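A.B. asks:
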Amino acid sequence: MRKVEPEYWERNTQIAERNEVTDRHNVKILMERFNQTRGFHTFQLMYGCELDDDGSIRGWNQYRYDGGEFMALDTQTWTYTATMSQALISTQRWNSPEVRAGEIYRNYLENECIDWLKKYVENGREELERRVRPKVKVSGQHKDGTLMLHCQVYGFHPRPVDVKWMKNGVDDIPTYETTHVLPNPDGTYQIRVSADVMPGEDDSYSCYVDHSSLGAPLNIVWEPPSSWVTLVVVTVVVVALHVAAVVGFLLYR
1 MRKVEPEYWE RNTQIAERNE VTDRHNVKIL MERFNQTRGF HTFQLMYGCE LDDDGSIRGW
61 NQYRYDGGEF MALDTQTWTY TATMSQALIS TQRWNSPEVR AGEIYRNYLE NECIDWLKKY
121 VENGREELER RVRPKVKVSG QHKDGTLMLH CQVYGFHPRP VDVKWMKNGV DDIPTYETTH
181 VLPNPDGTYQ IRVSADVMPG EDDSYSCYVD HSSLGAPLNI VWEPPSSWVT LVVVTVVVVA
241 LHVAAVVGFL LYR
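Going by the UniProt record's numbering, the first residue of the sequence shown is number 1, and it counts up by one from there.
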């Protein structure tokens, strides 16, 4: 990955420090609007841009307060829309002819943001285009008459992946639990998908994995360990011996 110039970090550090001051001020303003005098409160800003392979671009700019949607930029009209009544005073001012904040942000999202995105892609092209095949491990647990299936997919890159359990190679099984795609220390990713099923005598279960590093999707079949079969046989034998001993005791009493 190419390194950016030292001035990049200095410039962005200064921007972050200025934003911290602004955000502290914004929190105080919002606390007044919500009639709050104390407590822990959060003010969040999310913005960014996308550049697709066909050249189309998309941008967004959203604000949240205490986890709830506060206001957002409508990229069709390039005006701000309030999702809380306390945001109306802000959207009215930002949408006014004197301020036109939406148009200012439009210029940033469609130009400067895209320029930076292209630089980031070029600098990190080697890492972004790296393809690492996923490793897959399947396991199962019998509990209370049901079978809990686990599919652990790990060591893959890039991040996007499709993982699900299949019954008899055809039917999707409703997912019982799915973790988020999590990063590994080496830059690869991992995910676990679990399903709770009622096993049938002739049913087979497989974990379906589709990833850009694969020529074709994987279907890893879960097979019960042979020790489970042995355990069932031993249990039957022990029960049979116990019954025989009881019968013998009754006959020779």
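All C-beta atoms in this analysis are idealised placements derived from N, C-alpha and C, irrespective of residue type, glycine included.
A quick note: this is a predicted structure, and the numbers were derived from the prediction, not measured.
Take Trp-94 and list the residues in its own chain whose beta-carbon comes closer than 6 Å to its own, dropping the five residues that flank it on each side.
C.D. replies: Tyr-80, Ala-101
A.B. asks: How should Thr-91 be labelled, buried or exposed, when 16 other C-beta atoms within 10 angstroms of its C-beta is the threshold for buried?
C.D. replies: buried
A.B. asks: Can you pull the DSSP bridge partners for Ser-139?
C.D. replies: His-150
A.B. asks: Under a Cβ-count criterion, where at least 16 other Cβ atoms within 10 Å of its own Cβ denotes burial, should Val-229 be classed as buried or exposed?
C.D. replies: With a pLDDT of 47 at Val-229, under the threshold of 50, the modelled position of that residue is not reliable, and no figure is offered here.
A.B. asks: Using 7 Å as the threshold, is the C-beta distance between Glu-177 and Ser-194 below it?
C.D. replies: yes
A.B. asks: Are the Cβ atoms of Gly-140 and Trp-222 separated by less than 7 Å?
C.D. replies: yes
A.B. asks: Which partner residues does Trp-222 have in the DSSP bridge list?
C.D. replies: Tyr-205
A.B. asks: Name the DSSP beta bridge partners of His-211, please?
C.D. replies: For His-211, DSSP assigns no beta-bridge partner whatsoever.
A.B. asks: Using 7 Å as the threshold, is the C-beta distance between Lys-137 and Gln-152 below it?
C.D. replies: yes
A.B. asks: Anyone know if the C-beta pair for Arg-131 and Ser-206 falls short of 7 Å?
C.D. replies: no
A.B. asks: Going straight from the alpha carbon of Leu-88 to that of Tyr-47, what length do you get?
C.D. replies: Approximately 20 Å, taken between the alpha carbons.
A.B. asks: Between Asn-35 and the rest of its own chain, which residues show a CB-CB distance below 8 Å, the 5 nearest in sequence each way excluded?
C.D. replies: none
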